[in-house]
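Residue numbers (our numbering): 16 to 336.
Presented below is the structure to which this report refers.
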């Protein structure tokens, strides 16, 4: 028999005939008409070189060859069905390890919530957060086997990836409590810092690449002003600790600043310039969209990040797979 020309659908007909012993009942079993089953039986006989069945009264009796291959045919069909069936995912018994890339912003605002969720619902699942450099956000998914990249929207997302937005991130100015220059200017927490003072204070800039300028500096330049950036760090946690122990200030994401302000001894102020909120998204390989385990994990992460957008504008549409 030439397997390359053999129609594997004929195995379903053969299995139904072996089970039912009748072309009519076999057809009803697999949704074919009696003539279609008879035609398929003729093709089977030609392909396998054996009559397969002989007429016995109103039914069909399998030949010795058909009887001998019946268990193998049934086992083969069951194996094909198992192979093509999408596996179920049970978080309670799963032992998967998922890798996410993102800054320490997510270490502070996501991971504690995720730790609690996983300990209750999926104790065997491992969640790994790795840091990244801004320009490698998308590349990290492929080069570092990352399941989900948590990142700011950077424009067009290549078709080989899917994405979904989860929050807008605004910014506030953070300074240590009792900051002398802000106190002398009678600026209290929640106030807008005067532009002249804002520009003259020493600023710490968050930049994984070590830059001293951000989009805020472009805004200031458009106003004919600039600020005094004196330090750059790749981690938000390092920045707010340095701010809390010096007279330097920093623009921090609002949710992060609100979370750490009390324990870090920070006061939060409104910056005197418009700062466009950043759209935060999760990105993953399109080939993983239908993976049950991956879908469960990204849905879980999205649910634990949803609080970040409370009170913020509605999110744009992304791929919600």
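Cβ coordinates follow ideal geometry from the N, Cα and C atoms, glycine included.
Tell me whether the beta-carbon of residue i lies closer than 9 angstroms to the beta-carbon of residue j.
i	j	result
residue 291	residue 230	yes
residue 190	residue 216	yes
residue 265	residue 219	yes
residue 36	residue 76	yes
residue 119	residue 251	yes
residue 222	residue 238	no
residue 204	residue 283	yes
residue 307	residue 101	yes
residue 330	residue 181	yes
residue 337	residue 311	A question about residue 337 goes unanswered here, because the residues of the chain that appear run from 16 up to 336.
residue 319	residue 135	no
residue 25	residue 58	yes
residue 52	residue 39	yes
residue 109	residue 137	yes
residue 166	residue 117	yes
residue 235	residue 288	yes
Just to confirm the assignment, what range does the alpha helix (DSSP H) spanning residue i have?
i	result
residue 322	Where residue 322 is concerned, there is no enclosing alpha helix (DSSP H), given that its DSSP letter is neither H nor E.
residue 58	49–63
residue 124	119–124
residue 339	The requested residue 339 is not part of the displayed model; the chain covers only 16 to 336.
Would you list the residues sitting across from residue i in a DSSP beta bridge?
i	result
residue 217	243
residue 191	281
residue 74	71
Within the continuous beta strand (DSSP E) that includes residue i, where are the two ends?
i	result
residue 177	176–184
residue 282	281–284
residue 69	68–71
residue 21	Premise fails: residue 21 is in no beta strand (DSSP E) and is neither H nor E.
residue 115	112–116
residue 87	Where residue 87 is concerned, there is no enclosing beta strand (DSSP E), although the alpha helix (DSSP H) it sits in stretches over 79–99.
Roughly how far, in whole angstroms, is the beta-carbon of residue i from the beta-carbon of residue j, given that I think they are within contact range, below 8 angstroms?
i	j	result
residue 301	residue 175	6 angstroms
residue 105	residue 196	The pair is not a contact, with the Cβ atoms about 57 angstroms apart (cut-off 8 angstroms).
residue 187	residue 285	7 angstroms
*Return the chain-ordered ranges of every alpha helix (DSSP H) run that is complete within the region 250–321 and spans a minimum of 4 residues.*
251–259, 269–279 and 307–320
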